[in-house]
Structures are given as structure tokens and as C-alpha cells.
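Structure record follows, encoded as C-alpha cells.
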Amino acid sequence: MNLDYLTKTDKAIDENIFWNVPEQKSGILQVVGGNANSFSFEIKQAEFLNSLNLKEVRLLLPDALRTKIPPIPGINFAPSTESGSFKKSDELNFAMNDADLIYLSGDFSKNSETSIALVEAIKKTTSSLVLTKDSIDLVSESAEEFIERENLTFIATSSQLQKLFKNLYYPKMILLSSPLLPVVEALHKFTLSYPVTILTYHAENIIVARAGKVITTPLEKTNYSPLSLFMGDLAAKVSALTLWSPAEKRLEATHSALFFEK
């Protein structure tokens, strides 16, 4: 089997990515997430991103939270559903077009109205996008409407990718019980078919794929756990490095985030 597309490494795939980190504050990054009952992760992500050399970090929350959060610079609100998550609005669409990169951090809650709102906003934006946690679950059923865009990154579990492949009627499936190689091959072929970047975890390895190229790194060679990959600051690091790196280096920026120490 020809595996020329596969790189196995236990360090950053491209150290030059770290040289792209600006000495002066640069780039506008918009975090979108949260609902009336869960928003602490979004606050923490915005705080972490503000510790980096970003020119501006904005956080958009549903307006059901307006009375729960004191006025803080950088935090804005968009109309919410009766259950306290986002609904279709000009404010949401504007926020997702008014930054260099949009980071959909999750905690949207299961809500069909929110799903429709996010898909519509994703289709309209020209900004780069990073999706993680339940943002992926909410939009995967309508993935065929936006999966062709080139500035899209998924930080997804194997089960989320399984659902995504199924919803796209993709002929290769990711089985949770599969050994590493069939999953690597599936991601190789999927990212040849669609211009997306994917970071996932399977069989004790972190996998990053884009444009048919695949990089694997043993989890034990990083400072992450299976939980912290998706619940910690990794998605925020991917977002920042993606914003600061050339478009053709999206694969390298995503992988190098595993070793990015601010």
C-alpha cells in the first residue's frame, strides 16, 4: 500500500508556523457559542485568546445571557431562541463576517432553530472557520450545503466524523472499532474529495488531514488527553495559528497547534 501521503511525527510538523506568531498584536478573531445554561467555556476561551498576540478577540453570546453577564468590552449578543440559544438574525450573520476567523466553540445545545441559523451564517461568511464540540453535531446534517468551502476546519471526535461521513453519503466509513490505518486512509480520501482540514483522535493517535495529506502523532507524545483535545484550549490555538499562517499552511498550522506554548 502506497502511504506517501502519511507523515508520522512526535513534534510540530513545521516549526516555521511558530515564527508566524506576530510580535505585534495582529488579527481579529470572533468566538461564537454558548447558551442560556452553559457559557463558561466560551468565557474561558475568550480569556485565553486575549492572552495571545491577537489585535482583537470578540465573543458573541445569545442575548438570553445579557442579564447574567456584566458589560465587558468585546462581548456582544445576538437574538436567542426561547430555549436560550442562537436563532437566525442579522447580528449573528454580521458577527460571522466581521472578523478574520470565526471560532464556533460549541455549547449551542440541541436545537433545530439554532442549527438552521448556524448553517445559514456559515454559508454567508467569507471568513475562515474553526468548528468544534456540538457545533459540528448541529451543522453536520446540512454539511453538503457548505462542505466545499476551503477555509473550514473541524476539530471532531471519531463519532462526529462518522456522522458527518454518513450525512454526506460518503462511501468510506469511519468505524470506532477500526485500527488506525483504515481511518487514516478514509481521511486521506475524504480530504481529497472535500477541501476541509480535520483534526481527530483515533487508536491512541491524533490525526490531522487536509488535501489528501495525513499526519499522525501519538497522544502520549503530547500534553493532551482524549478529553482535553476537545474540551481544552487546542481549538483556540488552532484558530490563532490558522489566522496568523498563510492559507496554504492550514494543515501545518492545525498540527503545530498541538505543540504551541504561548
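Numbering-wise, the sequence shown is residues 0 to 261 according to numbering that gives the first Met the number 0. Just so it is clear, CB atoms sit at the ideal spot from N, CA and C, and this is done for glycine as well.
For I42, the enclosing alpha helix (DSSP H) has its first and last residue at 39-49. For A246, the closest alpha carbon among the candidates E81, I16, A45 is that of I16. In this model, N52 and P170 are separated by some 42 Å (Cα to Cα). Secondary structure at V138: helix, using DSSP grouped into helix, strand and coil. Scanning A142, L28, L186 for the CA closest to the CA of L167 turns up A142. Residue burial is scored here from C-beta neighbours: S79 has at least 16 other C-beta atoms within 10 angstroms and is therefore classed as buried. Between the alpha carbons of S37 and S104 lies a gap of roughly 12 Å. Under the three-pair Cβ rule at 8 Å, the region 121-139 does not count as touching the region 55-63. T156 is bridged by DSSP to nothing; it lacks a bridge partner.
With three or more CB-CB distances shorter than 8 Å, the region 206-221 counts as touching the region 6-25. The region 180-200 makes contact with the region 151-167; the number of CB pairs closer than 8 Å reaches 3 or more. Contact between N110 and S88 is ruled out by a C-beta separation of about 14 Å, above the 8 Å threshold. The region 173-192 and the region 219-234 do not touch, with fewer than 3 CB-CB distances between them shorter than 8 Å.
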